Amino acid sequence: ILAIVAAVVAYGGISFYVADKFTHPERHPITRAPIVSAPTYENVRLQTSDGLNLSGWFFPRGGDRAAIVVHGRNSNRIQSDVDDVRRGERIADFLIADGFSVLLFDLRGHGNSDGDRYSLGYYERRDVAAAIEYVMSRGYAERRIALLGVSLGAGTVLQELALHPNVGPIVTDSAYEDVDTLLQEKLEQETKLVPSWFTPGVLLAASVELGISTEQVRPIAFVRAHPERAFLFIHCAEDEMVPLHHAQDLKAASQNAQSQLWIESGCQHAQGYETHPAEYQAHVLAFLDAQLQLTRSAHRENARPGTRVDFATLHVVRRREGLPQVVIPGRSMPCVRAVSIASS
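This is the structure:
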């Protein structure tokens, strides 16, 4: 009996140790000004609904479009660890050049922001919500704010749909479909400490430490819940940290014909921009421009009673007067009023 008790205690102790290690990200503080081709920038402080202060940079431009770039685990708004990747700043560069105002910020527990844990997007979605609300306070309509998330940031922007279902177009780079699948595949590789049969214990320990069930962290559920929305999923074919099937499953879960999956060859996890910068920029801008043009057209057409809308072209009409709206592909009818659907 003592041996059994000792084994249970050891199993629990190791599980909590690994969970604690896994949910504490590495912090990389920022000590310099941004290196971005923008005429001006502002240091901003965001406050989340649970009282954390987040640090960021806002690059204002003219026009009515804005974008928020969300970084990955063990990173920061620059998206640079020990080398000179600067992925966040370089993505901001091409968005700014295309006319977007851009917000870069540090997620909780990263960079110069408050907090010391991460939850694979469950609590971090509050950080993205604070970012959206800040950009809206600068005069941008919610439907004109695009989100681009990388790795942890990719899973987070999908989960953020629970808080802002009417935000603008979403691009994910190296997204995971759900935490249980990801951890079961990668826990041993990540920790290099324990065999895979510790995975159930680590998942339980992480749930206890974070105060949530890991089953609640399912970005794929938000893709399924929003058939009115198109997504651009970007993934490297050789990604070993988040295998390619995650992006393929996310794409399969989307019921929107305009959703896209771009698979990049010759790159590892979240290295698509560095490997194929021109193609990455072209895919992202083409998707954002097309989706934002649909949004503008939808808003214009809905504002004109009696106008006929080609539903084969205009698949989804975004929120008007606080109500989400949906149209039926392949049909035309007078645009007299919105058809209300329940938000997820």
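Just so it is clear: in the sequence shown, position 161 is 161 by the working numbering, and no numbers are missing.
C-beta atoms are modelled at their ideal positions from N, C-alpha and C, and glycine is treated no differently.
Just so it is clear, the structure is predicted and the values come from calculations on it, not from any experiment.
Close CB contacts of alanine 146 within its chain, under the 6 Å cut and outside five residues either way in sequence, are with Ala67, Gly168, Pro169, Leu288 (chain order). Excluding residues up to 5 positions away in sequence, Val36, Ser37 lie with their Cβ nearer than 7 Å to the Cβ of aspartate 93 in the same chain.
Excluding its 5 nearest sequence neighbours in each direction, alanine 237 has C-beta neighbours in its own chain below 7 Å: Leu244, Ile263, Glu264, Ser265, listed in chain order. Counting the other CB atoms within 10 Å of its CB gives glycine 51 a total below 16, which places it among the exposed residues. When DSSP states are grouped into helix, strand and coil, arginine 77 belongs to the coil group. Just so you know, the alpha carbons of arginine 117 and threonine 275 end up roughly 30 Å apart. Note on geometry: alpha-carbon atoms of aspartate 178 and threonine 23 lie some 16 Å from one another. Bounds of any beta strand (DSSP E) do not take in arginine 224; it lies within the alpha helix (DSSP H) bounded by 219-224. Our two residues, glutamine 248 and isoleucine 1, have alpha carbons roughly 48 Å apart in a direct line. If the five residues before and after proline 227 are omitted, its C-beta is found closer than 8 Å to the C-beta atoms of Ser254, Gln255, Asn256, all from its own chain and listed in chain order. Here the C-alpha atom of asparagine 76 lies approximately 23 Å from the C-alpha atom of aspartate 98.
Comparing alpha-carbon positions, the option among Leu148, Ala129, Gly109 lying closest to glutamate 89 turns out to be Leu148. Glutamine 260 carries a strand assignment under DSSP once its states are collapsed to helix, strand and coil.
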